[in-house]
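The opening position of the sequence shown corresponds to residue 1 in full-length UniProt numbering, with each subsequent residue numbered one higher. One structure below.
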Amino acid sequence: MSRVVVAVGASSGIGRVVAREFARRGDRLVLAARAPQALEEVRAECAAEGAEALVVPTDITAPGALEALAAAAVDRFGRIDVWAHTAAVTAYGRFDLLPGRVFDQVVRTDLLAAAEAARVALRHFRSTGSGTLVLTGSVLGHITAPYMSCYVAAKWGLTGLVRSLQQEVRDAPDIHVCLVSPGSVDTPIYQRAANHLGLVGRPPPPIAAPERAARAIVGCVERPRREVSVGRLNPLMRLGFTCLPGLYDVLVGPLMRRLGLADEAVAAHDGVVFTPDPGSESVRGGWLPDLGNVLHTAATLPATIGARVLRRAR
1 MSRVVVAVGA SSGIGRVVAR EFARRGDRLV LAARAPQALE EVRAECAAEG AEALVVPTDI
61 TAPGALEALA AAAVDRFGRI DVWAHTAAVT AYGRFDLLPG RVFDQVVRTD LLAAAEAARV
121 ALRHFRSTGS GTLVLTGSVL GHITAPYMSC YVAAKWGLTG LVRSLQQEVR DAPDIHVCLV
181 SPGSVDTPIY QRAANHLGLV GRPPPPIAAP ERAARAIVGC VERPRREVSV GRLNPLMRLG
241 FTCLPGLYDV LVGPLMRRLG LADEAVAAHD GVVFTPDPGS ESVRGGWLPD LGNVLHTAAT
301 LPATIGARVL RRAR
């Protein structure tokens with residue numbers, strides 16, 4: 001039987017791939033994000049896979065918005081089996097120079113709204129006796145980095161929240177709470193970030209494809225796990241942070257400036273922290289080659305060359 005999946009943050013990045021992955025499995029989807037036009041594009045992508053999808057434009061920081069989202073899902077499909085929450089924003093800036101309103105909104109979006117989503121989802125799962133909640137954390141929920149204090153604070157809070165929730169649902173064996181914690185992923189979040197640092201942010205290597213993170217989220221639904229880390233160096237970074245804190249703190253600043261920031265200057269701006277940018281609602285940020293497109297181009301190249309040769313011969 002197909003599942004009913006609420007996918008929050010489905011308009012771009014990891015969340016957009018998550019929606020496609022569930023669609024390929026024949027699940028019914030409720031797509032939520034702030035950008036209606038992008039959600040309609042995702043709905044069409046899911047329909048192309050044969051999946052039914054409901055679009056519910058949602059600002060997750062608005063009071064009552066997540067309860068309304070759940071109500072729309074139940075009204076359309078009768079239940080919720082999975083809640084996959086990937087929505088997030090970030091900001092660059094030295095803590096004392098980052099506007100408080102930006103810091104607060106990042107925490108409101110990445111932690112408090114995620115907590116409200118968990119509250120809404122778990123209440124529904126408790127009423128039905130089963131369900132899986134997957135929240136998206138970060139390796140920065142286990143380590144720290146300069147110039148991203150709001151994101152770090154939110155993701156550390158989310159990691160602690162998930163651990164508490166996992167303890168609380170031990171009395172309900174058919175209810176699962178999972179955390180997927182990626183490192184650097186090739187999504188638009190870096191370009192869309194608020195920036196009050198003066199230098200453009202970028203994902204430090206190694207960079208994972210969004211499809212890898214999305215598969216981890218779907219995998220948690222099919223085989224629930226407490227936490228899945230996505231990123232080859234995540235365990236090493238966590239080990240250094242925990243076991244060699246002095247050395248870690250000496251190295252993390254220079255490494256962040258060299259690998260996590262570009263030399264390109266940028267004027268202060270708020271990115272998509274407060275309002276969406278429909279033009280940036282893509283899956284990838286352009287930091288890695290899209291291997292799917294590369295393979296498709298390679299497969300069609302002989303036919304393309306052949307057609308051109310025939311046209312010239314005529």
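Cβ coordinates follow ideal geometry from the N, Cα and C atoms, glycine included. All values reported here derive from a predicted model rather than from experimental measurement.
CA-CA distance, residue i and residue j?
i, j, result
"Ala68", "Glu222", "27 Å"
"Ser130", "Val42", "27 Å"
"Pro254", "Pro146", "10 Å"
"Ala91", "Gly219", "29 Å"
"Met148", "His196", "11 Å"
"Gly157", "Asp110", "9 Å"
"Val162", "Leu135", "8 Å"
"Ala70", "Leu244", "44 Å"
Beta-carbon within less than 7 Å of residue i's beta-carbon, same chain only, minus the 5 sequence neighbours each way: which residues are those?
i, result
"residue 336", "With the chain covering only 1 through 314, there is no way to say anything about residue 336."
"Ala51", "Ala23, Gly26, Asp27, Arg28 and Leu29"
"Val17", "Pro210, Glu211, Ala214 and Val283"
"Arg225", "Cys178"
"Glu116", "Leu66"
"Leu233", "Gly183 and Pro206"
Keeping to the same chain, check which residues put their C-beta closer than 6 Å to that of residue i; ignore five residues upstream and five downstream.
i, result
"Ala113", "Ile60 and Thr61"
"Ala262", "Val200 and Arg202"
"Arg3", "Asp27, Asp81 and Val82"
"Thr159", "Gly137 and Gly141"
"Gly292", "Here Gly292 scores only 47 on pLDDT, less than 50, and its place in the model should not be relied on; the value that follows carries that caveat. Result list for Gly292: empty, nothing under 6 Å."
"Met256", "Ala145 and Pro146"
Assign residue i to buried or exposed, taking buried as 16 or more other Cβ atoms, counted over all protein chains shown, within 10 Å of its Cβ.
i, result
"Pro235", "exposed"
"Leu301", "Any reading at Leu301 needs caution, since the residue's pLDDT is 42, under 50, leaving its predicted position unreliable; the model's value is listed next. Counting Cβ neighbours within 10 Å, Leu301 comes out exposed, since fewer than 16 surround it."
"Ala47", "exposed"
"Ala265", "exposed"
By Cβ distance, which residues of its chain are closer than 8 Å to residue i, with the 5 residues on each side in sequence left out?
i, result
"Val74", "Ile80 and His124"
"Leu165", "Ala118, Leu122, Leu133 and Val177"
Does the segment 133-146 touch the segment 176-193, meaning 3 or more C-beta pairs lie closer than 8 Å?
yes
For the segment 159-170 against the segment 239-250, do three or more pairs of beta-carbon atoms, one drawn from each stretch, fall closer than 8 Å, so that the two count as touching?
no
Pairs of beta-carbons, one from the segment 76-90 and one from the segment 6-21, closer than 8 Å: are there three or more?
In the pairwise beta carbon analysis, the segment 76-90 is classified as touching the segment 6-21: at least three pairs are separated by under 8 Å.
Please list the segments of the beta strand (DSSP E) lying wholly inside the segment 4-80, counting only runs of 3 or more residues, in order along the chain.
Taken in chain order, the whole beta strand (DSSP E) runs of length 3 or more contained in the segment 4-80 are 4-8, 28-33 and 53-57.
Which runs of the beta strand (DSSP E) at least 3 residues long sit entirely within the segment 166-241? Give them in chain order.
175-182, 199-201 and 227-230
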